[in-house]
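Student: This is the structure, below, for whatever I ask next.
Residue numbers (my numbering): 120 to 492.
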């Protein structure tokens, strides 16, 4: 009983102390509000009764005139239909159809499209702007760039003018023209939203595409292989719907014309593209990977696989080495070193700086031609 009375007295005392503390705090707050550097001491200190918006009184720039550009380019854009014969579990044959786009680049029937449009095709047909349908053959394909060249047996065809993507600036108007959704040739407009973009493809080879143009022009299935053109009607990119996520809007990609041009030339001249090769499997080093693997650096390209008799093996590289510099270029991730390798020449000897354990070492490798398999 005595303990209960003491507890009640104790609780009452604590409650009184809390009320006093709150009262004092409220009095201190109300009598001395904290000063803010964002509030001037004098409310009218920065007021200006004569202030107005600094209008330039210049007319707004007119929107580009799209119809003449579309009329000039549209005759050189074609619809591409690829038929692929597959077999089911019981050996029954089925034909799958892939719809895409292409662009005539010469009057004798050479057409640029995407590799994934015509890959593994048993037959390919091209519909010209005038409605004529012609069979096409594959001249050359390249999985790394996702480009392909096909050809129809015809002459005096309308072809597009190849442009210089190096002259592009963010904000410029562009048009994407192609066989969107396989429903016929359509045109969509947008602006260049980013340049020199690298995108990893979610395919079996883990390819990375470089020097892409990102645009707000909608790129849909069927647009793949069609042109991205500027307001002069010049081709400044080859669009690809393969690298657009299904839940992303307002973000299309095209391989720049300057990146695509030498690949297309190799496909027409040689039927394939040759790339320099180091012969390693790589993984990007970040702080998390560095901590998990006890690495002494937190960026670079970690060697996770070595190909036997490769230039990398001949150079003395090993698994678990981290490449941090290649041919004079700093390497922060896998994309950096792949781009550095592809910008080199077959047979070129390059200096490689790498980290092994706690040591930084230097070697050199003579790049070979990338094997076809």
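Just so you know, even glycine gets a beta-carbon here, dropped at the ideal spot from N, CA and C.
Only a predicted model underlies this, so the values are computations on that prediction, with no experimental measurement involved.
Could you round the C-beta distance between residue 512 and residue 311 to whole angstroms and report it? I think they count as a contact, below 8 angstroms.
Tutor: What is shown of the chain runs 120 to 492, which leaves residue 512 out entirely.
Student: Contact between the stretch 464-474 and the stretch 440-449 is defined here as three or more beta-carbon pairs at a separation below 8 angstroms; is this criterion met?
Tutor: Enough Cβ pairs lie closer than 8 angstroms, so yes.
Student: Does the distance from the CB of residue 354 to the CB of residue 375 come in under 8 angstroms?
Tutor: On the chain shown, residue 354 is found 235 positions in, with the first residue counted as 1. On the chain shown, residue 375 is found 256 positions in, with the first residue counted as 1. Against a cut-off of 8 angstroms, the Cβ pair of residue 375 and residue 354 comes out as no contact.
Student: Determine the direct distance from the alpha carbon of residue 166 to that of residue 380, and round the result to whole angstroms.
Tutor: Against the chain shown, residue 380 aligns to sequence position 261. Against the chain shown, residue 166 aligns to sequence position 47. The alpha-carbon atoms of residue 380 and residue 166 are separated by roughly 59 angstroms.
Student: Got a sec? Which residues, its chain only, sit under 8 angstroms from residue 464 by beta carbon, not counting five neighbours each side?
Tutor: Your numbering for residue 464 matches position 345 in the chain shown. 395, 486.
Student: Starting from residue 346, follow the beta strand (DSSP E) in both directions and report where the run begins and ends.
Tutor: Position 227 of the chain shown, counted from the first residue, corresponds to residue 346. Here the beta strand (DSSP E) through residue 346 covers 346-348.
Student: Which of helix, strand or coil does DSSP assign to residue 370?
Tutor: The residue labelled residue 370 in the question sits at position 251 within the chain shown. Three-state result, residue 370: coil.
Student: Pull up the distance between the alpha-carbon of residue 433 and that of residue 329, whole angstroms please.
Tutor: By one-based count along the chain shown, residue 433 stands at place 314. By one-based count along the chain shown, residue 329 stands at place 210. Looking at the two C-alpha atoms, the distance is approximately 28 angstroms.
Student: Could you pull out every residue in the same chain whose Cβ sits closer than 6 angstroms to the Cβ of residue 494, ignoring the five residues on either side in sequence?
Tutor: Nothing can be reported for residue 494, as the shown portion of the chain is limited to 120 through 492.
Student: With distances taken from CA atoms, which of 436, 452, 234, 293 is nearest residue 479?
Tutor: The residue you call residue 479 lines up with position 360 of the chain shown. Checking every option, the nearest Cα to that of residue 479 belongs to 436.
Student: Mind checking whether residue 199 and residue 232 have CB atoms under 8 angstroms apart?
Tutor: As a working note, residue 199 is residue 80 in the chain shown. As a working note, residue 232 is residue 113 in the chain shown. Contact flag set, yes.
Student: DSSP state of residue 300, grouped into three classes?
Tutor: Position 181 of the chain shown, counted from the start, is the residue given in the question as residue 300. Reduced to three states, the DSSP call for residue 300 is helix.
Student: Compute the distance between the beta-carbons of residue 453 and residue 420, then report whether it is under 8 angstroms.
Tutor: The count along the chain shown starts at 1 and reaches residue 453 at position 334. The count along the chain shown starts at 1 and reaches residue 420 at position 301. It is a contact, given that the beta carbons lie within the stated cut-off.
Student: Which whole-angstrom value describes the C-beta separation of residue 254 and residue 195, a residue pair presumed to lie in contact below a C-beta threshold of 8 angstroms?
Tutor: Taking the chain shown and counting its residues from 1, one reaches residue 254 at position 135. Taking the chain shown and counting its residues from 1, one reaches residue 195 at position 76. Residue 254 to residue 195, Cβ: 19 angstroms. No contact.
Student: Which residues bound the beta strand (DSSP E) around residue 314?
Tutor: Taking the first residue of the chain shown as 1, we reach residue 314 at position 195. First-last of the beta strand (DSSP E) with residue 314: 305-319.
Student: So what does DSSP say about residue 450, is it helix, strand or coil?
Tutor: For the purposes of this step, residue 450 is taken as residue 331 along the chain shown, with counting starting at 1. Correct three-state label for residue 450: coil.
Student: Work out the CA separation of residue 313 and residue 247 for me, nearest whole Å.
Tutor: One-based indexing of the chain shown puts residue 247 at position 128. One-based indexing of the chain shown puts residue 313 at position 194. One C-alpha to the other measures close to 32 angstroms.
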